[in-house]
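A.B. asks: One structure, pasted below without further comment.
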Amino acid sequence: MLNSDLLLTFLQVVRRGNALAAARAMGVDHSTVIRRLTQLEAALDTRLFDRSPRGLAPTAAALALVTGAEKVEAAIMAATDDVVGRDGDISGTVRLATPEIFGTFLVAPNIAGIAERHPRLVLELSPESRSISLSKREADIAITLRRPPRGRLIARKLTDFRLGLYASRSYLEQHPTIETLKDVESHGFVSYIDELVASPEMVALDYVVPDARVVFRSSSSIAQHLAVTAGLGLGILHVLASEKDDRLVRILVDEVEVVRSYWLVVHSDLSRLPRVRAVMDFLEELIVDHAPIL
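Per our numbering: the sequence shown = residues 1 to 294.
Below, the structure is given as structure tokens:
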């Protein structure tokens with residue numbers, strides 16, 4: 001007989017690819033996960049996973065079951081939020097995945113605002129450059145650099161942001177004056193590792209200086225920022241992180257400005273949960289309050 005425990009366990013295995021990872025996520029024994037999968041397959045009289053040393057691969061039947069199982073999961077979360085929130089106090093945990101700069105320089109410094117408003121709400125911030133899968137529930141909300149493909153996701157453009165050409169004050173003191181874009185061709189740059197770029201929108205150097213001489217590469221936007229502040233070379237950096245850094249100088253302001261966009265993305269099943277809505281509202285307020293420096 002089907003029940004919510006079986007379906008929720010099934011979803012964890014689909015998302016994580018093996019029973020051990022699913023067990024850790026759920027806080028249960030590995031044997032419990034295996035037993036529930038066996039019970040679910042028996043109840044449906046269908047094989048849901050192909051077993052191999054690499055893990056559990058969902059069959060076509062399993063993939064067909066995901067949508068229905070996610071609806072059950074969403075209903076349980078909504079019911080829980082309704083009961084917990086009857087006193088008007090939003091609680092629970094929301095995981096937010098963002099690009100490094102957005103999370104580190106915009107969300108983290110202002111996190112006290114939502115903590116004061118909702119003291120029982122726990123915000124988990126994951127600021128990193130890799131792509132995050134909302135369908136696998138790696139996060140509840142994601143800030144991305146491009147609109148996601150169609151699916152069970154709700155996406156809207158949050159704001160535009162700017163990138164500019166920067167150098168450290170010490171670097172400019174030790175090198176010839178830069179007056180035109182032609183002048184930068186003789187300078188070294190910091191940039192991304194091409195093979196590790198999660199989204200083409202992250203790379204702007206090729207648009208500004210197509211044949212730039214790169215002296216340092218990193219998959220981290222923050223590592224690039226710090227390399228430029230250390231005087232290693234020039235860099236296309238986020239205005240959000242760089243304008244308040246006294247070690248940096250923006251150069252060729254009128255000639256070099258790259259505009260990109262942040263998108264707010266949430267799984268449709270989660271979008272109406274009070275705790276998720278609270279974080280989405282918080283992000284909207286951050287954008288309004290900090291628009292001039294984006």
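For every residue, glycine included, the Cβ atom is placed at its ideal position computed from N, Cα and C.
As the structure is a computational prediction, the values presented were derived from the model and not from experiment.
Give me whichever residues DSSP pairs with glycine 164 in a beta bridge.
C.D. replies: Leu237 and Glu257
A.B. asks: Below 9 Å between beta carbons: does that hold for leucine 237 and leucine 163?
C.D. replies: yes
A.B. asks: Under 8 Å, with one C-beta from each stretch per pair, do the region 219-227 and the region 187-197 reach the 3-pair mark?
C.D. replies: yes
A.B. asks: What does arginine 95 pair with, by DSSP beta-bridge criteria?
C.D. replies: Glu124
A.B. asks: Please state whether DSSP places isoleucine 193 in a helix, a strand or coil.
C.D. replies: Of the three classes helix, strand and coil, the one that applies to isoleucine 193 here is coil, per DSSP.
A.B. asks: At the level of alpha carbons, what is the spacing between serine 31 and threonine 38?
C.D. replies: 11 Å
A.B. asks: In the DSSP assignment, find the unbroken beta strand (DSSP E) run with phenylalanine 10 in it and report its ends.
C.D. replies: No beta strand (DSSP E) contains phenylalanine 10, which is instead part of the alpha helix (DSSP H) from 4-16.
A.B. asks: Quick one: what's leucine 157 bridged to in DSSP?
C.D. replies: Checking the displayed sequence, the identity of residue 157 turns out to be lysine instead of leucine. Looking at the DSSP output, lysine 157 bridges to Trp263.
A.B. asks: Would you decide whether leucine 270 is buried or exposed? Buried here means 16 or more other CB atoms lie within 10 Å of its CB.
C.D. replies: buried
A.B. asks: Output the boundary residues of the alpha helix (DSSP H) element that contains aspartate 50.
C.D. replies: First-last for aspartate 50: 49-52, but that is the beta strand (DSSP E), not the alpha helix (DSSP H).
A.B. asks: Counting only the same chain and skipping the five closest in sequence on each side, list residues whose C-beta sits under 7 Å from that of arginine 169.
C.D. replies: Arg247 and Val249
A.B. asks: Assuming contact is defined by CB atoms lying nearer than 9 Å, are leucine 134 and leucine 153 in contact in what I supplied?
C.D. replies: yes
A.B. asks: At which residues does the beta strand (DSSP E) containing alanine 57 begin and terminate?
C.D. replies: Residues 55-58.
A.B. asks: Would isoleucine 293 and leucine 158 be called neighbours here (beta carbons separated by less than 9 Å)?
C.D. replies: no
A.B. asks: Roughly how many angstroms lie between the CA atoms of isoleucine 141 and leucine 123, to the nearest whole one?
C.D. replies: The alpha-carbon atoms of isoleucine 141 and leucine 123 are separated by roughly 11 Å.
A.B. asks: Would you call arginine 36 buried or exposed, if buried means 16 or more other Cβ atoms sit within 10 Å of its Cβ?
C.D. replies: With 16 or more other Cβ atoms inside 10 Å of its own Cβ, arginine 36 counts as buried.
A.B. asks: What do you reckon, are the CB atoms on alanine 112 and leucine 121 nearer than 9 Å?
C.D. replies: no
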